[in-house]
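Single-structure report; data block below.
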Amino acid sequence: MKLLMAIFVALVVWKACDGVQASRARNAIVATADADVILYATDWCGYCRATRKFLDDKGIAYVEFDIEKNEEGARQYKALNVRGVPILLVKGNVVQGYDPDGILAALK
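The opening position of the sequence shown corresponds to residue 1 in the UniProt record's numbering, with each subsequent residue numbered one higher.
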């Protein structure tokens, strides 16, 4: 029983550290970016296309990284500790998936 409790505590601590690292990564990326919006996407993703169209239609400036073709983009994406695409970093806030309302809310 003590072993199970020790394993549980270790997992909780490990997961908490993971969140701290992702937060630090977000802050570092935002500090070096020239745009309020960074899009992590792929060229084959339909939701990524819809996100690009939404951003373009609204006149929202963004920097895009194809995480399969751009080494720096892939590194940043991995540091955010997220899964799937599209992922947007909007003023330091992560927006997952095609979420126009989430993007607009994060921009305020």
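Virtual Cβ for every residue (Gly too), placed ideally from N, Cα, C.
Because the structure is a prediction, the values reported are computed rather than measured.
Asked	Found
Exposed unless 16 or more other CB atoms sit within 10 angstroms - verdict on Y77	buried
Enclosing alpha helix (DSSP H) for L104 [first to last residue]	P100 to L107
Straight-line gap, K108 to D57 (C-alpha atoms, nearest Å)	18 angstroms
6 angstroms Cβ shell around F65 - same chain, five flanking residues per side excluded	Y40 and G73
Those residues which DSSP pairs with Y40 across a bridge	F65 and I87
Strand pairing of V95, partner residues [DSSP]	L88
Backbone CA spacing between V30 and G102 [nearest angstrom]	Low confidence applies here, because V30 scores a pLDDT of 49, under 50, leaving its location unreliable and the question unanswered by this model.
V95 vs A61 beta-carbon contact at 8 angstroms	no
Contacting residues, own chain, Cβ-Cβ under 6 angstroms from F54 (five flanking each side not counted)	P100
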